[in-house]
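J.:
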Amino acid sequence: MFNFIFNISKLLLFSFYNKKKYDYTKKYNIKNIKLIKKYINNCGCICTKCVQWLIPILEKENINNDILDILDDVYENNDIHDIKLTEQLYKKHFKIDLNNEYEIIDIIGSGSIGQVYKIKDIKSGKYYVMKVKHPNIDKQMILFRNIFSFIYKIKIFNKFFYNYFPFDLVSFLEDFYKQSDFVNECNNILNFYNKYLDNDYIIIPKLIKVSNDIIIMEYIDGDCLDNLDISEYKKSKIIYLLYLFVRNNILILNNNHGDLHKFNWKVSKDKINNLHKIIIYDFGYCFKLNEEEYSNINGLCDLIVSFKNNENDTQKYYDFLNFLFNKELKLNIEFNNRITEPDILLKQILQISKENNLIIHKYKILNSLLLMSLVDNYFQKYKINNNTDILKIKKNVLDAYNFCNTYKIYPELAKHLLKEYHLNYKQNEIFESISFNDKIKSLI
Numbered sequence: 007m008f009n010f011i012f013n014i015s016k017l018l019l020f021s022f023y024n025k026k027k028y029d030y031t032k033k034y035n036i037k038n039i040k041l042i043k044k045y046i047n048n049c050g051c052i053c054t055k056c057v058q059w060l061i062p063i064l065e066k067e068n069i070n071n072d073i074l075d076i077l078d079d080v081y082e083n084n085d086i087h088d089i090k091l092t093e094q095l096y097k098k099h100f101k102i103d104l105n106n107e108y109e110i111i112d113i114i115g116s117g118s119i120g121q122v123y124k125i126k127d128i129k130s131g132k133y134y135v136m137k138v139k140h141p142n143i144d145k146q147m148i149l150f151r152n153i154f155s156f157i158y159k160i161k162i163f164n165k166f167f168y169n170y171f172p173f174d175l176v177s178f179l180e181d182f183y184k185q186s187d188f189v190n191e192c193n194n195i196l197n198f199y200n201k202y203l204d205n206d207y208i209i210i211p212k213l214i215k216v217s218n219d220i221i222i223m224e225y226i227d228g229d230c231l232d233n234l235d236i237s238e239y240k241k242s243k244i245i246y247l248l249y250l251f252v253r254n255n256i257l258i259l260n261n262n263h264g265d266l267h268k269f270n271w272k273v274s275k276d277k278i279n280n281l282h283k284i285i286i287y288d289f290g291y292c293f294k295l296n297e298e299e300y301s302n303i304n305g306l307c308d309l310i311v312s313f314k315n316n317e318n319d320t321q322k323y324y325d326f327l328n329f330l331f332n333k334e335l336k337l338n339i340e341f342n343n344r345i346t347e348p349d350i351l352l353k354q355i356l357q358i359s360k361e362n363n364l365i366i367h368k369y370k371i372l373n374s375l376l377l378m379s380l381v382d383n384y385f386q387k388y389k390i391n392n393n394t395d396i397l398k399i400k401k402n403v404l405d406a407y408n409f410c411n412t413y414k415i416y417p418e419l420a421k422h423l424l425k426e427y428h429l430n431y432k433q434n435e436i437f438e439s440i441s442f443n444d445k446i447k448s449l450i
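Start counting the sequence shown at 7; every next residue gets the next number (our numbering).
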């Protein structure tokens, strides 16, 4: 406990010092940023995971790219534990030496929860991925839970937490702790694998072997989108595919991948109809919405579409906030052309909650908004939501419907999108969309 408190105090104080120094000099010290990254690792898996979730938000705040590049290391380049520990865990769980079954080829990466190896089956010669839980992860989770529970009961700290995190932190953290449960992760993998078995464009690695501390899956190589040497148009189609994956999970399956950062999905070299497949990794944190939450997120998505038709519709925004909080609020909101983007909605919700002393009990709706915001980062990066672009993802729902039909994917989502279009878009807007054939036009 002492080490954890010491490390977290050191991280906070050093970060505060660097922030004040930057405010005065307007210059970053890269050496100090690297030191902060080291301190983040020293604080354990929870601090590392929080930074991973923070980075997509920082990317929209015009943060220096050198700083973001350093912080990006918290995704896959954390402290590496000894391979001997991996061998001991394998022998403990599977009652056989690892070297008798597999050859370790390489360490692919080290995340917040586990270390990932590329391994080779000695008999078949096939390659697999082995994810091994870092030592003391369970102890870190228990320690953090005990410290947080103690502090949370102190009134002055309770108010402090709600000032910065105005949602049900206890329930949120209970879901967060599940990330260290590899059996739970494997259940999530099986669920997604079966749901997307008939989707040729979404690849979920097949599960091979499971224990409390080790997961072995099929090895499927992929690259990060930013590293691909392909046209912006092809990248936009890949992002479109990811966008529809997220939306299908939220609206149709009600089964969401809650940790879809840029290293937890990659682009396969395999293509169908000149469209790259995408690979989804790391199912440690997945969530479902209850009936009321599911109804709310459906309404939220519909309202976002409505806002796009009339971005200065104050009443609809007011209705949305009432809808989410079930409170009568007097709002004075200054609108701009980004008001319907998920990160802006998220910030507005948190700000209004703090200003009006509200507690958001349905925090999973915020998770869904955060998911949308992650994809929205790519929309803005590649200007996909720009009116002059070939793909008008957020301006025309019918383009998404057309995409589903062209590549024969997400049939239930396609029906939902067409219904959404009829409910929220004017009839004369249909012919403003790009490259619709007569068959699609006849559906209107």
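The beta carbon of each residue, even a glycine, is placed where N, CA and C say it ideally should be.
#1: Could you name the residues that DSSP lists as bridge partners for Q386?
#2: Return helix, strand or coil for L19, following the three-state DSSP convention.
#3: Under a Cβ-count criterion, where at least 16 other Cβ atoms within 10 Å of its own Cβ denotes burial, should N200 be classed as buried or exposed?
#4: Only counting the same chain, and skipping five residues up and downstream in sequence, which positions put a Cβ closer than 7 Å to that of Y416?
#5: Is the Cβ-Cβ distance between E224 and K212 less than 7 Å?
#6: Closest to D235 by CA distance: which of N270, K275, V135 is it?
#7: Over what stretch of residues does the alpha helix (DSSP H) that includes Q185 continue unbroken?
#8: Alpha carbon to alpha carbon, what distance is there between L248 and A406?
#9: Buried or exposed: where does C292 fall if 16 or more other Cβ atoms within 10 Å of its Cβ makes it buried?
#10: For the alpha helix (DSSP H) containing I52, name the first residue and the last one.
#11: I'd like the span of the beta strand (DSSP E) that includes S116, first residue to last.
#12: Are D206 and I113 close, meaning C-beta to C-beta below 7 Å?
#13: For N13, I'd like the list of residues in its chain whose CB is within less than 6 Å of its CB, leaving aside the five on either flank, ordered along the chain.
#14: Assuming contact is defined by CB atoms lying nearer than 7 Å, are G120 and V138 in contact in what I supplied?
#15: Quick one: give me the first and last residue of the beta strand (DSSP E) that K139 is part of.
#16: Kindly list the residues whose CB is nearer than 8 Å to the CB of I245, restricted to its own chain and excluding five residues on each side of it in sequence; keep chain order.
#17: In angstroms with no decimal places, state the Cα-to-Cα distance between N84 and E426.
#18: Could you spell out where the beta strand (DSSP E) holding L213 opens and where it closes?
T.: On the basis of the data shown:
#1: Position 380 of the sequence shown, counting from 1, holds the residue named residue 386. In the DSSP output, where bridge partners are listed per residue, Q386 has none listed.
#2: Residue mapping note: residue 19 aligns to position 13 of the sequence shown, counting from 1. Residue state, collapsed to three classes: helix.
#3: Taking the first residue of the sequence shown as position 1, residue 200 is located at position 194. Flag for N200 reads exposed.
#4: Within the sequence shown, numbered from 1, the residue matching residue 416 stands at position 410. Once the five neighbours on either side are set aside, the close Cβ partners of Y416 are L250, N254, C410.
#5: Taking the sequence shown and counting its residues from 1, the one referred to as residue 224 is at position 218. Taking the sequence shown and counting its residues from 1, the one referred to as residue 212 is at position 206. For E224 and K212, yes; Cβs fall inside 7 Å.
#6: Translated into the one-based positions of the sequence shown, residue 235 becomes position 229. Of N270, K275, V135, the residue nearest in Cα terms is K275.
#7: Here residue 185 refers to the residue found at position 179 when the sequence shown is read from its first residue. Segment: none, Q185 is in no alpha helix (DSSP H) and carries neither H nor E.
#8: Counting from one through the sequence shown, the residue named residue 406 turns up at place 400. Counting from one through the sequence shown, the residue named residue 248 turns up at place 242. Taking the straight line joining both Cα atoms gives about 12 Å.
#9: Sequence index remark: in the sequence shown, residue 292 carries index 286 (1-based). So C292 counts as buried.
#10: Counting from one through the sequence shown, the residue named residue 52 turns up at place 46. Its alpha helix (DSSP H) spans residues 51-64.
#11: Counted from its first residue, the sequence shown places residue 116 at position 110. Unbroken beta strand (DSSP E) run through S116: 108-116.
#12: Residue numbering aside, residue 206 sits at position 200 when the sequence shown is read from its first letter. Residue numbering aside, residue 113 sits at position 107 when the sequence shown is read from its first letter. Result no, Cβ atoms of D206 and I113 do not sit closer than 7 Å.
#13: As a position in the sequence shown, residue 13 is number 7, starting the count at 1. So the list reads N48, C49, once near-sequence residues are dropped.
#14: Within the sequence shown, the letter at position 114 stands for residue 120. Within the sequence shown, the letter at position 132 stands for residue 138. Yes, Cβ-Cβ distance for G120 and V138 is below 7 Å.
#15: Numbered from its first residue, the sequence shown carries residue 139 at position 133. That run of the beta strand (DSSP E) goes 133-139.
#16: Within the sequence shown, numbered from 1, the residue matching residue 245 stands at position 239. Around I245: L231, V381, Y384, F385, Y388, I390.
#17: For this step, residue 84 is matched to residue 78 along the sequence shown. For this step, residue 426 is matched to residue 420 along the sequence shown. Those two C-alpha atoms are separated by around 43 Å.
#18: One-based indexing of the sequence shown puts residue 213 at position 207. 213-216 is the extent of the beta strand (DSSP E) around L213.
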